[in-house]
Each structure stands twice: as structure tokens, then as C-alpha cells.
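Just so you know, numbering that gives the first Met the number 0 puts 35 at position 36 of the sequence shown, and the rest follows in order with no gaps. Note that beta-carbon positions come from the ideal geometry of N, C-alpha and C, so glycine has one too. Each remark here refers to the structure printed beneath this line.
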Amino acid sequence: MLRPSNSMIKQYGIPKSVIKQAFDDNPQARQFVRDSIRKVRNLCVELGIVTFVSKRLWKAFGIWDEPSPAVN
């Protein structure tokens with residue numbers, strides 16, 4: 000989602016180790032992704048469209064954080 004596509008990696012010759020270090024093995028990058036979809040995730044929870052299966056998928060992809068409380 001927030002990383003270069005495979006075609007871009009190939010086109011510019013970006014080493015796999017660099018991609019792994021910058022995105023895959025980087026806790027800050029993973030948290031950035033979770034933070035970037037927080038509003039969408041909270042809206043899905045609020046609308047009641049998060050199912051047991053979808054929540055497990057979000058967790059499996061490492062993009063699930065517990066929804067933050069509503070701010071009025």
C-alpha cells in the first residue's frame with residue numbers, strides 16, 4: 000500500500016534488502032501504515048461491517064489496531 004510496486008523496484012534496481020529494511024522489518028513503517036488507515040478502520044467498526052473474518056485478515060496483514068475511542 001505505501002511501498003513501491005514490484006515493477007518500480009525492478010525498474011530502479013532497488014535491492015530486496017533495502018525494501019525489507021525500509022518496509023518489512025521496520026516497526027515504525029508498520030505503525031505508519033496502521034496509523035494511515037486508522038480513520039477507515041474506525042469507520043468500518045462504527046458501521047458494524049468488521050466481521051470476525053475481516054478482523055482476522057487485518058490482523059494477519061499487520062494492519063489492525065484496536066479502534067480508538069470516538070472524539071466528539
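Can residue i and residue j be called in contact, C-beta distance under 8 Å?
| i | j | result |
| --- | --- | --- |
| Asp-64 | Arg-33 | yes |
| Arg-2 | Ile-13 | no |
Are there 16 or more other CB atoms within 10 angstroms of the CB of residue i, so buried, or fewer, so exposed?
| i | result |
| --- | --- |
| Arg-37 | exposed |
| Arg-40 | buried |
In terms of residue numbering, what span does the alpha helix (DSSP H) encompassing residue i cover?
| i | result |
| --- | --- |
| Ala-28 | 26-35 |
| Ser-16 | 15-18 |
| Phe-51 | 51-59 |
| Ile-8 | 5-11 |
Under 8 Å by Cβ, that's how I've got residue i and residue j pegged, so tell me the actual separation to the nearest angstrom.
| i | j | result |
| --- | --- | --- |
| Cys-43 | Val-49 | 5 Å |
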